[in-house]
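Data first, discussion second: the structure below is written as structure tokens.
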Amino acid sequence: MATLTRISSAATAVRVVCPTLDHMVTQVRYRKTINTRSKKHISVIKAKLLSVTKWKAPQDTRMTMAERCGLREERLQETVVQENPLRDLMAKEARNVLETSGMVAVLHISDFSGPDRRVFCAKLKESDITVRFWSNSVAGLAVQDTPYSTLTTLMVGMNMYAHSPDPQVAPLLKVLKVTPQVSLLGGLVDGLLMSKADMEHYAQLPSMEQCYGEVVSVLSAGVGQTSQLLQNPLQQLSRNLQQISSSA
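Number 67 in the working numbering belongs to position 67 of the sequence shown; there are no gaps in the numbering.
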């Protein structure tokens with residue numbers, strides 16, 4: 001069994017006697033005030049060791065957002081457009097479609113699977129409306145330096161284009177009403193750029209045949225009234241002559 005013995009009052013010491021090791025172990029701890037106000041000078045060797053082993057933060061090589069935007073702008077300016085024969089051919093075809101179509105609608109698609117796409121195209125085909133899938137780069141190249149360049153404001157995101165020889169706006173809106181995956185952005189109708197609201201208003205207008213019929217009916221009514229006004233004096237004159245002849 002170990003025995004603890006106090007040595008003196010000047011210092012706190014503990015003497016431990018361990019019978020198993022057959023010798024005494026003495027631990028002495030002196031009561032001394034700790035100096036916390038002034039630093040103790042370290043040796044030169046230790047100072048050199050601390051300066052050598054001092055941790056240095058790595059240099060931050062990340063660019064700021066302003067630098068990134070400026071670098072991206074410089075790269076875009078330095079980018080040279082490479083020749084792409086397939087893209088030029090598709091742009092030429094798209095330009096021909098724009099020039100020969102009475103209506104070109106820009107449609108935005110989202111989560112549009114293959115079967116839904118085929119059903120949508122088949123419904124529009126019944127109204128003589130054809131659907132084309134062109135990338136924004138091809139469509140932008142097709143309308144470049146043309147009267148249709150205003151369409152570039154609608155070329156955002158994933159789009160497809162519906163065109164027809166005649167303005168078939170009402171059948172298009174009817175199919176879009178039952179297809180929530182496709183939304184109308186706008187388009188060209190008879191060479192005029194229209195928004196979605198303009199195309200909806202255009203669809204409510206009567207057809208050309210109905211307008212022609214109304215114009216013909218108005219003109220016919222005017223002609224009938226004119227002929228009646230011209231015939232009234234002649235009829236009155238003939239009645240007067242008959243009365244004179246009968247009285248004579």
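Where a beta carbon is used, it is the ideal one built from N, C-alpha and C, also for glycine.
Go ahead and pull the three-state DSSP assignment for R62. In the structure shown, R62 sits in coil (DSSP, three-state: anything other than H, G, I, E or B).
In angstroms, rounded to a whole number, what distance separates the CA positions of P167 and E67? 49 angstroms
Along the beta strand (DSSP E) that carries H108, what are the first and last residues, could you check? M103 to I109
For S217, is the classification buried or exposed, using 16 other Cβ atoms within 10 angstroms of its Cβ as the cut-off for buried? Result: exposed.
How about M155 and A142: do their beta carbons lie closer than 8 angstroms? Not a contact, by the Cβ cut-off of 8 angstroms.
Under 6 angstroms Cβ to Cβ from M199, same chain only, skipping five residues before and after it: list those, please. V169
Taking only three categories from DSSP, how would you classify N84? Coil, per DSSP.
Find the nearest neighbour of F133 within the set S238, Q59 and A94, judged by alpha-carbon distance. A94
Taking just the CA atoms, how far does T150 sit from L188? About 9 angstroms.
Which two residues bound the contiguous beta strand (DSSP E) that contains R132? In the DSSP annotation of this structure, the continuous segment of the beta strand (DSSP E) that includes R132 starts and ends at T130 to R132.
If M160 sits next to L107, beta carbons under 8 angstroms apart, how far is it from one beta carbon to the other, in whole angstroms? 5 angstroms
If F120 sits next to V175, beta carbons under 8 angstroms apart, how far is it from one beta carbon to the other, in whole angstroms? 7 angstroms
Buried or exposed (CB count within 10 angstroms, at least 16 for buried), Y148: buried
For P206 and L241, the rounded distance between their alpha carbons: Taking the straight line joining both Cα atoms gives about 52 angstroms.
Buried or exposed by the 16-neighbour rule on C-beta atoms within 10 Å, applied to S164: Classification of S164: buried, given that the 10 Å Cβ count is 16 or more.
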